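Heads up: the structure comes next, in structure tokens.
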Amino acid sequence: MPSFDQHSQALQEENARLRNQVLELSQLDDAGFFTETDSILGNILKRARILTMAETAFFALPSIHQGKLDLKIVPPDYENAARKACNEFEKNYEQWETSESELLTSGKFVILPFTRRHKLIGVMGLKLTRNAPENVCELLTGFVKQASVTLENTLFHEKSFKRLLTLSNFSNFTRASSVDGNLEKLVEEFLTLTRETISSEFSIINLSAEANGGTPINRILTDTGLSDLFSFSSLFEADVEKVIETQNYLLSELPFNKSFSKNHLQEKSNKSPMKVLSVPILAEQKMFGVLQLIGKKSESPFSQEDIEQAKLLCEQFASHIDSTSRFKEIKKAFLQSATAFADILESRDSFFRGHSRRVVDLSMKLAEILLPDRCQKENLEYASIIHETGKYLLPLELLHKPSSLSSDEFEIIKTHIELVQNAFENVTYLQKALKIARHHHERFDGRGYPDGLKGEDIPYSSRMLAITDAFDAMISIRPHRTPLSETAALQEILRSSGSHFDPEIVKVFVNMRDPSLIKP
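Okay, so the sequence shown: first residue is 0 according to numbering that gives the first Met the number 0, each after it adds one.
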């Protein structure tokens, strides 16, 4: 039989071994910066079981509801027992919060709260056996203190990483769409982004009329794609109104509804109520609408992390809408200013008065047929306003010369292109319009100016502007000639098809003005 001293020495050696294992946990501090929470929790549980020779262990994290726990890692055979232990802890949460006890018991489990800065960050449950070390309580106390630091670091860095990833995804989303993009087109991309980020079954957006230039947007995104809410919107009205009133998120339940499921939501086999997370789309106290996420694909409840990410996405989207709205106001103000500027310049010359406005009108009518993209239409509109402004800065005697221009005089006239470029070169959002305006005097055969571009090398909108500008010039009074009739001007444009103008655009323009001139 071993002597007392031998027994004591063996116990000391065992305790030293166990203490070393506790100290090894410091290695998790580094791993915790780069490892997912589940991996860290699994490592903590594994080491805790080795320390205590426990039969099994589970870990739970705080729920979004104060004093509640969500099981994170638990062996399947012990799920009910673990849930029961968590419920017991929840019942005594207020008492524990006051005392911050380091060890609690619940049924067959020893409960160890993980705390940092007097805040609960997790709960571990161990089912101990008779093989547990005699000083297990001392070991576990030191273990939990060390592991709490690791867990806090892990949760912080995982939250920071996910926030960064969310912002990065949103940055890519906004980069893919221009700041002046069509909000209708962005809605599906935003709903897809939020649905994937939160792993929700369905996503719904309710945007106010103010957010979309006078037209509200109510859409739902399901596995089958984007569609309108229509008759189902009543299911969400109360939650939307409450979120708008409080300007805060809301968690609720959507009762099972056959008609709703049949048309849009995949019918759940258990027909259980689905959780709904409603988040305000809010920027600088401006409420633009409400995002709603219905059900988690994992069938788990929405977590605090889900809420934070949804709020972050909505904040970014609201800022995007606000920026877009302000940008539209800036563009509207510029459009008015540029039009007024062109009018002032043209007013000094009776021959050119109203030219820009008429070209804008012609270009926009042509654009309705040929340009599907709204931004392309806007750029052509701006180009039509500013395309000749440089010309009105040239000497009037040159513009009013009743006879043909000499080669030197024509070279001076051609400088109006550069005058336009110089006047607006620092206006960022006019760069595409400037390119259109720059090339509207190019010819399809390559004999135009300023760069001698040919055919499809000439920007498409410039080819359109070349026709609308020439047509208005032909039907207007000029110092060196009388105006042509509209029919004669269209015939002249047809005659110049393929040489001066793009043949395909010529056909569309002439057909738009006088279909009878187009031969079958």
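Think of the CB as a built atom: it goes at the ideal place given N, C-alpha and C, for glycine as much as any other residue. Predicted model, so just to flag it, every value in this text is computed and none were measured.
Outcome for residue i when other beta-carbon atoms lying within 10 angstroms are tallied against a minimum of 16
i: H117; result: exposed
i: T323; result: buried
i: L27; result: Caution is warranted here: a pLDDT of 41 is assigned to L27, below 50, making its placement in the model unreliable, and the coordinate value is therefore given only provisionally. Under this definition L27 is a buried residue.
i: T104; result: exposed
i: N211; result: buried
i: R480; result: exposed
i: P458; result: buried
i: S226; result: exposed
i: K45; result: exposed
i: N425; result: exposed
i: T214; result: exposed
i: K364; result: exposed
i: Q561; result: With the chain represented from 0 up to 519, any question about residue 561 goes unanswered, as that position is not in the structure.
i: I517; result: exposed
i: A282; result: buried
i: I49; result: exposed
i: D76; result: exposed
i: T51; result: buried
i: A175; result: Note that A175 has pLDDT 49, beneath the 50 cutoff, so the model's placement of it is unreliable and the number below is only indicative. Exposed, since its Cβ has fewer than 16 Cβ neighbours within 10 Å.
Terminal residues of the beta strand (DSSP E) in which residue i lies
i: S202; result: S199 to L206
i: V109; result: F108 to R115
i: V289; result: K285 to K295
i: D227; result: G224 to D227
i: I219; result: I216 to T221
i: T104; result: L103 to S105
According to DSSP, residues forming a beta bridge with residue i
i: T338; result: Answer by DSSP bridge pairing: none, since T338 is not bridged.
i: I525; result: The structure shown does not extend to residue 525, since the chain is modelled only from 0 to 519, so the question has no answer here.
i: F500; result: S496
i: L281; result: M286
i: R357; result: Per DSSP, none; premise fails for R357.
Limits of the unbroken alpha helix (DSSP H) element including residue i
i: A53; result: From DSSP, A53 is part of no alpha helix (DSSP H); its letter is neither H nor E.
i: S461; result: Y459 to I474
i: E252; result: Where E252 is concerned, there is no enclosing alpha helix (DSSP H), although the beta strand (DSSP E) it sits in stretches over L249 to L253.
i: L379; result: R373 to I385
i: K241; result: E236 to T245
i: A398; result: The displayed chain sequence assigns Leu, not Ala, to residue 398. From DSSP, the alpha helix (DSSP H) with L398 extends over L395 to L398.
Reduced DSSP secondary structure (H/G/I, E/B, other) of residue i
i: V275; result: strand
i: G141; result: helix
i: L119; result: strand
i: G447; result: coil
i: R352; result: coil
i: K126; result: strand
i: R480; result: strand
i: D321; result: helix
i: H439; result: coil
i: N91; result: coil
i: T414; result: coil
i: Q38; result: Contrary to the premise, residue 38 reads as Ser rather than Gln in this sequence. Three-state result, S38: helix.
i: N134; result: coil
i: D513; result: coil
i: G213; result: coil
i: I63; result: coil
i: K431; result: helix
i: N152; result: helix
i: F316; result: helix
i: S362; result: helix
i: K310; result: helix
i: E424; result: coil
i: K453; result: coil
i: L369; result: helix
i: S403; result: coil
i: K45; result: helix
i: K390; result: helix
i: F508; result: helix
i: F333; result: helix
Heavy atom of the ligand SAM within 6 Å of residue i beta-carbon
i: E380; result: Annotation note on the ligand SAM: not contained in the displayed structure, which lists no ligands.
Proximity test, Cβ basis, 7 Å: residue i and chain C
i: F88; result: The displayed structure is made up of one protein chain only, and chain C is not part of it.
I'd like to know if the segment 81 to 89 and the segment 131 to 139 are in contact, where contact means that at least 3 CB-CB pairs between them fall below 8 Å.
Between the segment 81 to 89 and the segment 131 to 139, the count of Cβ pairs shorter than 8 Å is below three; the stretches do not touch.
Are three or more beta carbon pairs between the segment 415 to 426 and the segment 462 to 475 nearer than 8 Å?
no
Inter-stretch contact at 8 Å, needing at least 3 Cβ pairs: the segment 422 to 437 / the segment 405 to 413:
no
Contact between the segment 205 to 215 and the segment 286 to 293 (3+ Cβ pairs under 8 Å):
Counting Cβ pairs under 8 Å, three or more are found: they touch.
Specify whether the segment 297 to 307 and the segment 321 to 338 touch according to this definition: at least 3 beta carbon pairs, one from each stretch, less than 8 Å apart.
no
Would you say the segment 310 to 323 touches the segment 270 to 280, given that touching needs at least three Cβ pairs under 8 Å?
At 8 Å Cβ cutoff, the stretches touch.
Would you call the segment 442 to 449 in contact with the segment 493 to 503, where contact means no fewer than 3 C-beta pairs closer than 8 Å?
yes
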